[in-house]
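Everything on this sheet refers to the single structure shown next.
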Amino acid sequence: MRNLTSKELRSLYLQFFKGKGHVIVDNASLIPENDPTVLFTTAGMHPLVPYLLGERHPAGKRLVNVQKCVRTGDIDEVGDTSHCTFFEMLGNWSLGDYFKKEAIAYSFEFLTDEKWLGIPKEKLYFTCFEGDADAPRDTVSHDRWVDMGVEESHIFYLPKKYNWWGPAGQTGPCGPDTEMFYDTGKLACTDTCSPACSCGKYLEIWNNVFMEFNKKEDGAFEPLAQKNVDTGMGLDRTVATLQGVQSVYDTDAFTGILATIARLSGKQYGKSEEITKAFRIIADHIRCGVFMIGDPRGIVPGNVDQGYILRRLLRRALRFAMQLTIEQGGLGHVAQAVITQYKDNYTELINKQDYIIDEINKEEQRFTKTLKKGIKEFERLLPTLTDKRIDGKNVFRLYDTFGFPLEFTIELAREHGFHVDEQGYHEAFADHQKKSQMGAEHRFKGGMADNAENTTKLHTATHLLQAALRDVLRDKNIAQRGSNITAERLRFDFSFPRKLTKEELDAVEFMVNEIIQADLPVTYEEMTVEKAKKMGAIGLFESKYAEIVKVYSMGDFSREICGGPHAGSTGELGRFKIKKEEASSAGVRRIKAVLQCDPSLLI
Ligand code: SER
9 MRNLTSKELR SLYLQFFKGK GHVIVDNASL IPENDPTVLF TTAGMHPLVP
59 YLLGERHPAG KRLVNVQKCV RTGDIDEVGD TSHCTFFEML GNWSLGDYFK
109 KEAIAYSFEF LTDEKWLGIP KEKLYFTCFE GDADAPRDTV SHDRWVDMGV
159 EESHIFYLPK KYNWWGPAGQ TGPCGPDTEM FYDTGKLACT DTCSPACSCG
209 KYLEIWNNVF MEFNKKEDGA FEPLAQKNVD TGMGLDRTVA TLQGVQSVYD
259 TDAFTGILAT IARLSGKQYG KSEEITKAFR IIADHIRCGV FMIGDPRGIV
309 PGNVDQGYIL RRLLRRALRF AMQLTIEQGG LGHVAQAVIT QYKDNYTELI
359 NKQDYIIDEI NKEEQRFTKT LKKGIKEFER LLPTLTDKRI DGKNVFRLYD
409 TFGFPLEFTI ELAREHGFHV DEQGYHEAFA DHQKKSQMGA EHRFKGGMAD
459 NAENTTKLHT ATHLLQAALR DVLRDKNIAQ RGSNITAERL RFDFSFPRKL
509 TKEELDAVEF MVNEIIQADL PVTYEEMTVE KAKKMGAIGL FESKYAEIVK
559 VYSMGDFSRE ICGGPHAGST GELGRFKIKK EEASSAGVRR IKAVLQCDPS
609 LLI
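Quick note, the sequence shown lines up with residues 9 to 611 if you use my numbering.
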């Protein structure tokens, strides 16, 4: 088995699939472009949903990429051996081209051939979908692994819970998968131990999803016209396997980052469980924060949506930095170490490095103030308590409002001779989680596939809005800083230094409605990035790989690089109405707008 660094694995993977006729495509933003159902890109398939549903991808039918992803559902698990909030997913894609046979042959070759990873096949285990009322048993995948020379005893059939992937939201592309596991050599926990077991014997390293269904709103699985392959290999996790280390944090990707934390804190990673956990949390959260702030759609700490998650991550990192007695300003140095590790593969980080570090430092200053307020609140609270006990609700409030973790409150309480109702705290916490889960479920309603028509129209309206803003404000440098579309409204963030006047907003609205009334055709053309630039198309020209892009035109009014989909003509949009204009962050304005569907309103 080859011992590869993260950078080596990343480039070998791209090289392997390039050799199999795949085009290397760019990383998409961490914020899904036109999918309101989730806050972050959580899997490599996310930015490709329109293409999995049949939209033509300009780079063709065979793609390969490394997609940065964020999953914060398990934030409290970060610090153990495998959980990270940020990760990179290696993926190869067939958009209606090859299917199970080729995908499995590619995976097997990449994993086992000496020229690539060289993992002995005896160390690998495989799972296939066992079949149910929605889809048949996947004997094709099973038989293909056998063709490759895999022993029957290394293949397991498992139910949907384990061998089915997607949709990413409530509806959308999904299908059975076949997963590849590395045997860590640990003894099987029981006679029935299998890759479904989490005892640590089997480590999942790769997943091939055979996306052949579209899950509908009514729960039915409709066969997709185009059968796709979506694969995902966790970069850190596979590197940990190849390097023979126990944890993703012990791979080369984290060496420089952990060394910086050691230098700043004067403490030694691995010295105690508590110290190890603090190091890992700081490393993970700052890595994730750096990628969020450095993202082309830039996220800044805030109180809602992505900004809130970023704030939580940074503040949690700060608390652990305090625990390690890292002085104020230290996290900026950790961020610098992250940038150094990733700059070659993510040029946006180097371009924005001062800005990223500045945002982290500013959040640190804000948090220090809040912390002081929290301590005051804590001191105010104590004399009101009669039985030397802080009840669960108050402990939770200190956590929720001032970011005091339970351990921190227990420590403070102890210093004052109080004890803490931990049970009550956990109950209050669970209650809160239930409520926010309900919120999250609500957010998942209205996936990419449902409400698609309205979302598509709002997407087209977003292009018109950007073109109109550039025109009315006479500023060709206005650039998109974020876009979020739900079935009900669009939200567009753009660079501009001041508040827009009422007259300007009216003029923008008027102009967009003029274009809608003109019923301009919406067309696209595929061309090189160079040509798109020459034509004056709007877009983030950060492409490293994809040479051919789609440029959508709405007559001569708007020309923008975009994957689509869009309305057929501007006349389909209805009436455009700006609902709100406000600051989003320094130098960035935010417009919320809707489309009113009644065509009679157009007069
Ligand atoms: N979508 C699948 C996953 O995230 C494979 O890429 O695991």
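Each residue gets a CB set at the ideal place from its N, CA and C atoms; glycine is no exception.
In this text the structure is predicted, and so the values were computed from the model without any measurement.
Backbone CA spacing between LYS453 and VAL46 [nearest angstrom] = Counting from one through the sequence shown, the residue named residue 453 turns up at place 445. Counting from one through the sequence shown, the residue named residue 46 turns up at place 38. Residue confidence is low: LYS453 scores 36 on pLDDT, short of 50, so the model does not pin down where it sits. No coordinate-derived value is stated.
Ranges of the alpha helix (DSSP H) found wholly within the segment 448-526, counting only runs of at least 4 = Qualifying alpha helix (DSSP H) stretches, in chain order: 460-480, 510-525.
In the DSSP assignment, find the alpha helix (DSSP H) that holds TYR363 and state where it starts and stops.
-> As a position in the sequence shown, residue 363 is number 355, starting the count at 1. Unbroken alpha helix (DSSP H) run through TYR363: 361-389.
Look at ILE486 and GLN314 and say whether their C-beta atoms are less than 8 Å apart.
-> Taking the sequence shown and counting its residues from 1, one reaches residue 486 at position 478. Taking the sequence shown and counting its residues from 1, one reaches residue 314 at position 306. Contact: no.
Enumerate in chain order the residues of its own chain whose CB-to-CB distance from LEU272 is below 7 Å, with the five nearest sequence positions on each side excluded.
-> Within the sequence shown, the letter at position 264 stands for residue 272. ILE334, GLY338, HIS341, listed in sequence order.
Does DSSP put HIS91 in a helix, a strand or coil?
-> Here residue 91 refers to the residue found at position 83 of the sequence shown. Note: HIS91 maps to coil in three-state DSSP.
DSSP state of PRO203 mapped onto helix, strand, coil | The residue given as residue 203 occupies position 195 in the sequence shown. In the three-state reduction of the DSSP assignment, PRO203 falls in the coil class, being assigned neither a helical nor a strand state.
Can you tell me where the beta strand (DSSP E) with VAL557 in it begins and where it stops?
-> Taking the sequence shown and counting its residues from 1, one reaches residue 557 at position 549. Here the beta strand (DSSP E) through VAL557 covers 556-562.
C-alpha gap between LYS279 and ILE290, whole angstroms = Numbered from 1 along the sequence shown, position 271 holds the residue referred to as residue 279. Numbered from 1 along the sequence shown, position 282 holds the residue referred to as residue 290. Their Cα atoms are separated by approximately 16 Å.
Please classify ASP313: does DSSP put it in a helix, a strand, or coil?
-> Position 305 of the sequence shown, counted from the start, is the residue given in the question as residue 313. Three-state DSSP puts ASP313 in a helix.
Kindly indicate which three-state DSSP category ALA591 falls into: helix, strand or coil?
-> Along the sequence shown, read from residue 1 onward, the residue named residue 591 stands at position 583. In this structure, ALA591 counts as strand in the three-state DSSP scheme.
In the segment 231-304, which residue ranges form an unbroken alpha helix (DSSP H) of at least 4 residues, counting only runs that do not cross its ends?
-> With a minimum length of 4 residues, the continuous alpha helix (DSSP H) runs that stay inside the segment 231-304 are 243-251, 260-273, 281-302.
Spell out the partners DSSP gives TYR165 in its beta bridges.
-> Translated into the one-based positions of the sequence shown, residue 165 becomes position 157. Under DSSP, TYR165 shares a beta bridge with CYS136.
Quick one: measure Cβ to Cβ for VAL520 and LEU473, integer angstroms, because I've assumed they're closer than 8 Å.
-> Taking the sequence shown and counting its residues from 1, one reaches residue 520 at position 512. Taking the sequence shown and counting its residues from 1, one reaches residue 473 at position 465. Indeed, because the Cβ distance is near 6 Å, the residues count as touching under 8 Å.
Alpha carbon to alpha carbon, what distance is there between VAL217 and TRP172?
-> To locate residue 172, count along the sequence shown from 1; it is residue 164. To locate residue 217, count along the sequence shown from 1; it is residue 209. Rounded to whole angstroms, TRP172 to VAL217 spans 7 Å at the Cα level.
Expressed to the nearest angstrom, what Euclidean distance is found between the alpha-carbon atoms of ALA204 and LEU166?
-> Looking up residue 204 in the sequence shown gives position 196. Looking up residue 166 in the sequence shown gives position 158. Using only the alpha carbons, I get a separation of about 8 Å.
Taking the alpha carbon of PHE299 as the point to measure from, which residue in GLU96, TYR21, ARG598 has its own alpha carbon closest?
-> Within the sequence shown, residue 299 is the residue found at index 291, counting from 1. Checking every option, the nearest Cα to that of PHE299 belongs to GLU96.
Determine, using beta carbons only, whether CYS613 and THR49 come nearer to each other than 8 Å.
-> This structure does not reach residue 613, given that the chain is present from 9 up to 611, and the question cannot be answered.
Going along the chain, which residues of its own chain have a beta-carbon closer than 7 Å to the beta-carbon of ASP527, five neighbours each way excluded?
-> On the sequence shown, position 519 is the one that residue 527 refers to. The answer, listed in chain order, is SER577, THR578, GLY579.
Rank PHE500, VAL33, GLY52 by C-alpha distance to the C-alpha of ALA476 and give the top, closest one.
-> Sequence index remark: in the sequence shown, residue 476 carries index 468 (1-based). The candidate whose alpha carbon is nearest that of ALA476 is PHE500.
THR263: beta carbon under 7 Å from a heavy atom of the ligand SER?
-> Looking up residue 263 in the sequence shown gives position 255. No; taking the cut-off as 7 Å, the Cβ of THR263 has no heavy atom of the ligand SER nearer than that.
Quick one: does the C-beta of ASP238 sit closer than 7 Å to a heavy atom of the ligand SER?
-> On the sequence shown, position 230 is the one that residue 238 refers to. Yes, the Cβ of ASP238 comes within 7 Å of a heavy atom of the ligand SER.
Proximity test, ASN171 beta-carbon vs the ligand SER heavy atom, cut-off 7 Å | Here the question's residue 171 lines up with position 163 in the sequence shown. At a threshold of 7 Å, ASN171 does not count as near the ligand SER, since its beta carbon sits no closer than that to any of the ligand's heavy atoms.
Based on the DSSP secondary-structure assignment, which residues constitute the bridge partners of CYS182?
-> What you label residue 182 is simply residue 174 of the sequence shown in a count that begins at 1. In the DSSP secondary-structure assignment, CYS182 is bridged to PHE221.
Does the distance from the CB of LYS585 to the CB of GLU517 come in under 8 Å?
-> As a position in the sequence shown, residue 585 is number 577, starting the count at 1. As a position in the sequence shown, residue 517 is number 509, starting the count at 1. Going by C-beta atoms, LYS585 is nearer than 8 Å to GLU517.
Which residues share a DSSP beta bridge with ARG583?
-> For the purposes of this step, residue 583 is taken as residue 575 along the sequence shown, with counting starting at 1. Bridge partners of ARG583 according to DSSP: GLN604.
Whose C-beta lies closer than 8 Å to the C-beta of LYS26 among residues of the same chain, with five residues either side of it excluded?
-> The sequence position of residue 26 within the sequence shown is 18, counting from 1. For LYS26, where only same-chain residues beyond five positions count, the Cβ hits under 8 Å are ILE32, VAL72.
Sort VAL308, ALA261, ILE368, GLU589 by Cα distance to GLU511 and report the nearest one.
-> Looking up residue 511 in the sequence shown gives position 503. The alpha carbon of GLU511 has as its nearest neighbour, out of VAL308, ALA261, ILE368, GLU589, the alpha carbon of GLU589.
Determine the direct distance from the alpha carbon of ASN369 to that of PRO309, and round the result to whole angstroms.
-> On the sequence shown, position 301 is the one that residue 309 refers to. On the sequence shown, position 361 is the one that residue 369 refers to. Spanning the two alpha carbons is a distance of roughly 11 Å.
Taking GLN349 as part of the alpha helix (DSSP H), name the residues at either end of that continuous run.
-> As a first step, residue 349 is located in the sequence shown; it is residue number 341 there, counting from the start. Going by DSSP, GLN349 is part of the alpha helix (DSSP H) stretching over 338-350.
With 16 as the cutoff for other CB atoms within 10 Å, does CYS182 come out buried or exposed?
-> The residue labelled residue 182 in the question sits at position 174 within the sequence shown. The residue is buried, with at least 16 neighbouring Cβ atoms inside 10 Å.
Look up ILE213 in the DSSP assignment and say whether it is helix, strand or coil.
-> As a working note, residue 213 is residue 205 in the sequence shown. Three-state result, ILE213: strand.
Under three-state DSSP, which class holds ARG70?
-> The residue you call residue 70 lines up with position 62 of the sequence shown. The three-state reading of DSSP puts ARG70 in strand, counting E and B together.
Presumed contact (8 Å Cβ cut-off) between ILE569 and GLU534, rounded CB distance | Residue 569 sits at position 561 when you count from the first residue of the sequence shown. Residue 534 sits at position 526 when you count from the first residue of the sequence shown. By a beta-carbon distance limit of 8 Å, ILE569 does not contact GLU534. Their separation comes to about 11 Å.
Looking only at its own chain, which residues have a Cβ that is under 6 Å from the Cβ of TYR257, when we skip the five neighbours before and after it?
-> Within the sequence shown, the letter at position 249 stands for residue 257. Answer for TYR257: ARG288, listed in chain order.
Test item: CB-CB of VAL237 and TYR106 under 8 Å = For the purposes of this step, residue 237 is identified with residue 229 of the sequence shown, where counting begins at 1. For the purposes of this step, residue 106 is identified with residue 98 of the sequence shown, where counting begins at 1. Contact flag set, yes.
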